[in-house]
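Participant:
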Amino acid sequence: MALVRDGQVVQGAQDEWVRVGDAEPVPDNTPAVVTLARWREERSRLLRREAPLGVQLASGDDVAEIADDVARFGLIALEFPAFTDGRAYSSARLLRERYGFMGELRAVGNVLRDQFAFMHRCGFDAFEVRDADADAWSEALAEVRVWYQPAADRHFTAMRLRHRRVAAE
Amino acid sequence: MMQIVTANRLRDGLVVYLSADGGWSDRIGDAVEAADEVAARELMETANRSEIECRIVGPYLVKVENAADGPAPVEHREAVRVSGPTVQTSLNRGAHGGHQRRHV
Amino acid sequence: MYIYDEMDQAIVDQRVKQFRGQVARRLNGELTEEEFRPLRLMNGLYLQLHAYMLRVAVPYGVLSSTQMRKLAHIARRYDKGYGHFTTRQNIQFNWPKLEDTPDILAELSDVQMHAIQTSGNCIRNVTADQYAGVAADEIEDPRIYSEIIRQWSTLHPEFSFLPRKFKFAVTGAPHDRAALRVHDVGLRLYENEAGEIGFEVMVGGGQGRTPMLAKTIRPFLARRDLLSYVEAIMRVYNRFGRRDNKYKARIKILVHEIGAEEFTRLVEEEWEHLRGGELDLPLAEVQRMRRFFRPPGYEDLDDPVTWYELKKAENVNFSRWAAANVAAHKQPGYAIANISLKPIGGVPGDATAEQMDAVADLADRYSVGEIRVTHEQNLVLPHLKKADLFDLWRALEAIDLATPNVGFVTDIIACPGLDYCALATARSIPVAQRLSERFADIERQRDIGPLRIKISGCINACGHHHVGHIGILGLEKRGEESYQVTLGGRADENAAIGKIVGPAFTADGIVDAVETVIDTYLDLREEGEEFIDTLERTGHDPFKERLYGAR
């Protein structure tokens, strides 16, 4: 497995984040990622930590639950239990466009090369992927340069260009 | 009940049958038959290997009975798969009309 | 019609290139079938009973003659010389090779065509009234908005992995020729009391295992709000649609399970954040789009009634064809000509490459190069001068495309069924053929009048049997094909789901059963009643009695 972050392949050891299971103690001095359930139960305790905090949402979790708290997370990980489960695309866009999340938004689970471009547009900037797919990262993103519709990424779109043109007329 | 294995050839979608030498033929007459569940499982293992090797896709077992001209599927759907579309148009020669024996 | 600019072209070109790479990675094993399957479905490529099947998009059913010729070429070069027009206005090729599909898509991109999102759990082809732009009763051209929705939905990064497929239909006239109420989202353009043009928004229609009619969730939506509103609908569906059971994953189930009111509340709540934002549709953009769909330069004709009426009086075959296949056009002196792809005993919706080329030529000669595909599997030449109808008809006769049966009993809609489809439980085409032969006599057909028979070869209902006046569903019972009859379905603005009339019939008995139903109608009808009118007046009991005997 590899981590692609901001378009670069990062070796496993360089990923500073540690995933903490619900039954494990949350380390005080390491960036730690907890589940949404853990966040719900131990919110005040977790907020007292000094080290960065992350939360991981399952595809069925309601992202609105953390809407007011996004500034507290250095990382939010969204799961794709199967690549066909597309709920995290909506969650990602809401986090970026509606709730103003500015930290690392990481796609985890069944994250495959042929979905990179869609995920990227929805606001993901980090991806846990198979090694082979990590190598193909830039190529995958370069496959689609022209898009019709707006998303989270402020990418140039045909729609925006055309609307601007008619406004100028 | 005898069973054979059928699949579609990956690159062109042609309906094929697993034959005795582990290859795939488009003629049902070449299909190797499994007389019991053990033999059927072994055939499916061979077929699954072929799928991993990207020769065919979607192999499955078909129940057949022995007719005069070779194995004939028991189920209607599988019979249509052998014969090709049953509807009459001049363009619609069946999937196996006049084919030579070919291996994948 | 819509003409691609460099951005539209870039989108299909990059898709061809991407798919070529994906096919290569599949053939060399880098991609497993499980990983490849959704990718090939998003490019319209199925694996069917005998071979692969490629479904090419015909956006809202509009084709140019150039595009039709390309389809003919593809049929000849890459397939077995024919294609099949579908109930979603698309075309299917039944025998492409996987290794050829990148080349096929490349050839399609040369004429501004593609197979993007014609399958898969994403937004599919947006369908529209086949008489858009020319119907006498039209308020606003639905193609303008169909194209806008098509673009917004193409490669939408958020909505490419929905719980299930998603289908839009758009109309712009009071008479619904696009079956809005059995779509996931139906949009009806109309003018409200304040004189504004906007959409009635209907959500949650569908057929298949659990047929349902769409509910109106917003009676009037301003045109500028179209995209922000549908984005809200899609986001609610993507987030909350069921993903645990493939047969309960359509939006109609979500609307049904949480209720239309709650569903509407969720959509409107989401919409509050989106409206007026980036997806706002400027009027100037609508005007720009409208220019693509402007009528061709019609001549100022004094409705040349005399010539047309004269030929009809003179030639009984022409008059029969005109009566069934010619529809009223908004422009004086013009007409809409339907081309039936339901020859007696033929395969409904199929056309040979030669027929496609001939239709392209006829479109150039008589219809400003434009053709339409209907969701009832026929073709339309939308811009005919009445004065040209007779010559057109003679040319159609020469290529077996002049069957005068549009809307009649032999104008049967049928899915490919077990002859082609891996999902089917029974064959549908042979039933259509035998029915067509039983009712071949044209005068008998005219006497019976308008009657929509729709046949599906399995519960997925691609033949739209739930909305047939007579619907036939092919099932399997103990290894034999078995056909269930429903009555009273309607796909128009008075949409209705047909009701099962009783136990299923055998393959041998189904044609007689349909004849019994029709004979019952003929016996019971009152002056001026069509089949559906009589059925609605009498209810199903007289028909049940005739079919099964008195209870």
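Residue numbers (the working numbering), protein chains in the order written: chain Z, 1 to 169; chain G, 170 to 273; chain V, 274 to 824. For every residue, glycine included, the Cβ atom is placed at its ideal position computed from N, Cα and C.
1) Would the beta-carbon of Z:V34 be found less than 7 Å away from any heavy atom of the ligand SAM?
2) Who are the neighbours of V:P375 on chain Z, taking C-beta pairs under 8 Å?
3) Which whole-angstrom value is the C-beta distance of V:V599 and V:A608, which I expect to be below 8 Å?
4) Along the chain, where does the beta strand (DSSP E) that runs through V:H656 open and close?
5) Would you mind telling me which residues of chain Z sit closer than 7 Å to V:E551, beta carbon to beta carbon, in chain order?
6) Could you pull out every residue in the same chain whose Cβ sits closer than 6 Å to the Cβ of G:R262, ignoring the five residues on either side in sequence?
7) Taking the Cβ atom as the reference point for each residue, do Z:F73 and Z:G54 lie within a distance shorter than 8 Å?
8) With a cut-off of 8 Å, does the C-beta of V:D692 fall near any C-beta of chain G?
9) Quick check: what's the CA-CA separation for G:T255 versus G:R246?
10) Could you tell me which uninterrupted beta strand (DSSP E) segments, each at least 3 residues in length, are contained entirely in the segment 598-682 of chain V, listed from first to last along the chain?
11) Pair every Cβ in the segment 308-326 of chain V with every Cβ in the segment 363-373 of chain V, then say whether three or more of these pairs are closer than 8 Å.
12) Identify every residue that forms a DSSP beta bridge with G:I197.
13) In chain order, what residues of the same chain lie with their CB nearer than 6 Å to the CB of V:I726, ignoring the 5 residues before and after it?
14) Tell me where the beta strand (DSSP E) around G:E234 begins and ends.
15) Mind listing the chain Z neighbours of V:E308? Cutoff is C-beta to C-beta under 7 Å, in chain order.
16) According to DSSP, V:N733 sits in a beta bridge with which residue or residues?
17) Between which two residues does the alpha helix (DSSP H) carrying V:K525 extend?
18) Excluding sequence positions up to five away, which residues of its chain have a Cβ less than 7 Å from the Cβ of V:S825?
19) Got a sec, what are the start and stop residues for the beta strand (DSSP E) V:I490 sits in?
20) Between which two residues does the beta strand (DSSP E) holding V:F472 run?
21) Expressed to the nearest angstrom, what Euclidean distance is found between the alpha-carbon atoms of G:G253 and V:G680?
22) Can you grab the Cα-Cα spacing for the pair Z:R40 / Z:R93, in whole Å?
23) Since Z:A51 and Z:P31 are thought to touch, with beta carbons under 8 Å apart, how far apart are those beta carbons, to the nearest angstrom?
24) For V:I770, which option in V:A452, V:A786, V:I389 and V:D664 has the closest C-alpha, if you only look at C-alpha atoms?
25) Strictly below 9 Å CB to CB, what residues from chain Z border V:N301?
26) Check the C-beta distance from V:L654 over to V:S640 and give it rounded, since I have them as a contact under 8 Å.
27) With distances taken between CB atoms, is the gap from V:K343 to V:V384 smaller than 8 Å?
28) Decide if Z:W147 is buried, meaning its Cβ has at least 16 other Cβ atoms within 10 Å, or exposed.
29) Which stretch, first to last residue, makes up the beta strand (DSSP E) that contains G:M171?
30) Looking at the structure shown, is V:T811 part of a helix, part of a strand, or coil, going by DSSP?
31) Quick check: what's the CA-CA separation for V:D781 versus V:E710?
32) Helix, strand or coil, according to DSSP, for V:H739 in the structure here?
33) Using a Cβ cut-off of 7 Å, which residues of the segment 314-332 of chain V contact any Cβ in chain G, in chain order?
34) Please work out which residues of its chain come closer than 6 Å, Cβ to Cβ, to V:L314, disregarding the five sequence neighbours upstream and downstream, and give them in chain order.
35) If the cut-off is 7 Å on Cβ atoms, which residues from the segment 415-442 of chain V count as contacting chain Z, listed in chain order?
36) DSSP three-state call for V:H429: helix, strand or coil?
Facilitator: In brief:
1) In the structure on display, the ligand SAM does not appear, and there are no ligands present to speak of.
2) For this step, residue 375 of chain V is matched to residue 102 along the third sequence. In chain order: nothing, as chain Z lies at least about 14 Å away.
3) In the third sequence, counting from the first residue as 1, residue 599 of chain V sits at position 326. In the third sequence, counting from the first residue as 1, residue 608 of chain V sits at position 335. That pair is a contact at about 5 Å.
4) Residue 656 of chain V sits at position 383 when you count from the first residue of the third sequence. From DSSP, the beta strand (DSSP E) with V:H656 extends over L652 to K658.
5) What you label residue 551 of chain V is simply residue 278 of the third sequence in a count that begins at 1. Per Cβ cutoff of 7 Å: P150.
6) Taking the first residue of the second sequence as position 1, residue 262 of chain G is located at position 93. At G:R262, the pLDDT of 39 sits below 50, so the modelled position is not reliable; the number obtained from the coordinates is stated separately. Answer for G:R262: no residue qualifies.
7) On the first sequence, residue 73 of chain Z is found 73 positions in, with the first residue counted as 1. On the first sequence, residue 54 of chain Z is found 54 positions in, with the first residue counted as 1. Going by C-beta atoms, Z:F73 is nearer than 8 Å to Z:G54.
8) Counting from 1 along the third sequence, the entry for residue 692 of chain V is found at position 419. For V:D692, the answer is yes, since a Cβ of chain G falls inside 8 Å of its Cβ.
9) On the second sequence, residue 255 of chain G is found 86 positions in, with the first residue counted as 1. On the second sequence, residue 246 of chain G is found 77 positions in, with the first residue counted as 1. Distance between the alpha carbons of G:T255 and G:R246 is about 11 Å.
10) Segments of the beta strand (DSSP E) lying fully in the segment 598-682 of chain V: 599-601, 607-612, 623-625, 643-646 and 652-658.
11) Under the 8 Å Cβ criterion, the segment 308-326 of chain V counts as touching the segment 363-373 of chain V, having at least three qualifying pairs.
12) Within the second sequence, numbered from 1, the residue matching residue 197 of chain G stands at position 28. DSSP, once it has assigned bridges, lists no residue as partnering G:I197.
13) Translated into positions along the third sequence, residue 726 of chain V becomes position 453. Closer than 6 Å at Cβ, skipping near neighbours: I685, G741 and I743.
14) Taking the second sequence and counting its residues from 1, the one referred to as residue 234 of chain G is at position 65. Per DSSP, G:E234 belongs to the beta strand (DSSP E) from I225 to A236.
15) Within the third sequence, the letter at position 35 stands for residue 308 of chain V. Ordered by position in chain Z, the residues that pass the 7 Å Cβ test against V:E308 are L112.
16) The residue you call residue 733 of chain V lines up with position 460 of the third sequence. Its beta-bridge partners do not exist; DSSP assigns none.
17) By 1-based counting over the third sequence, the position of residue 525 of chain V is 252. I524 to I531 is the span of the alpha helix (DSSP H), which, as asked, contains V:K525.
18) Here chain V covers residues 274 to 824 and nothing more, so residue 825 of chain V does not appear.
19) Sequence index remark: in the third sequence, residue 490 of chain V carries index 217 (1-based). K488 to A495 is the span of the beta strand (DSSP E), which, as asked, contains V:I490.
20) Within the third sequence, numbered from 1, the residue matching residue 472 of chain V stands at position 199. Element bounds for V:F472: I470 to V476.
21) Along the second sequence, one-based indexing puts residue 253 of chain G at 84. Along the third sequence, one-based indexing puts residue 680 of chain V at 407. Looking at the two C-alpha atoms, the distance is approximately 31 Å.
22) Within the first sequence, residue 40 of chain Z is the residue found at index 40, counting from 1. Within the first sequence, residue 93 of chain Z is the residue found at index 93, counting from 1. The straight-line gap from Cα to Cα measures roughly 22 Å.
23) For the purposes of this step, residue 51 of chain Z is taken as the residue at position 51 of the first sequence. For the purposes of this step, residue 31 of chain Z is taken as the residue at position 31 of the first sequence. At roughly 6 Å, the Cβ-Cβ gap stays under 8 Å, so Z:A51 and Z:P31 are in contact.
24) Locating residue 770 of chain V in the third sequence gives position 497, counting from the first residue. Residue V:A452 is the option with its Cα nearest to V:I770.
25) For this step, residue 301 of chain V is matched to residue 28 along the third sequence. Correct list: empty, because the minimum Cβ distance to chain Z is about 12 Å.
26) For the purposes of this step, residue 654 of chain V is taken as the residue at position 381 of the third sequence. For the purposes of this step, residue 640 of chain V is taken as the residue at position 367 of the third sequence. Indeed they touch by this definition, with Cβ atoms about 4 Å apart.
27) Numbered from its first residue, the third sequence carries residue 343 of chain V at position 70. Numbered from its first residue, the third sequence carries residue 384 of chain V at position 111. Yes, they are a contact pair.
28) Residue numbering aside, residue 147 of chain Z sits at position 147 when the first sequence is read from its first letter. With 16 or more other Cβ atoms within 10 Å, it is buried.
29) Residue numbering aside, residue 171 of chain G sits at position 2 when the second sequence is read from its first letter. Counting along the chain, the beta strand (DSSP E) containing G:M171 begins and ends at M171 to R178.
30) Counting from one through the third sequence, the residue named residue 811 of chain V turns up at place 538. Correct three-state label for V:T811: helix.
31) As a position in the third sequence, residue 781 of chain V is number 508, starting the count at 1. As a position in the third sequence, residue 710 of chain V is number 437, starting the count at 1. Computed Cα separation, rounded: 14 Å.
32) Mapped onto the third sequence, residue 739 of chain V falls at position 466. DSSP places V:H739 in helix when its eight states are reduced to three.
33) Hits within the stretch, in order: L320, L322, H323, A324 and Y325.
34) Position 41 of the third sequence, counting from 1, holds the residue named residue 314 of chain V. Only S392 and G393 meet the Cβ criterion.
35) Q424, W425, T427, L428, H429, P430, E431, S433, F434 and L435
36) By one-based count along the third sequence, residue 429 of chain V stands at place 156. If DSSP states are grouped into helix, strand and coil, V:H429 belongs with coil.
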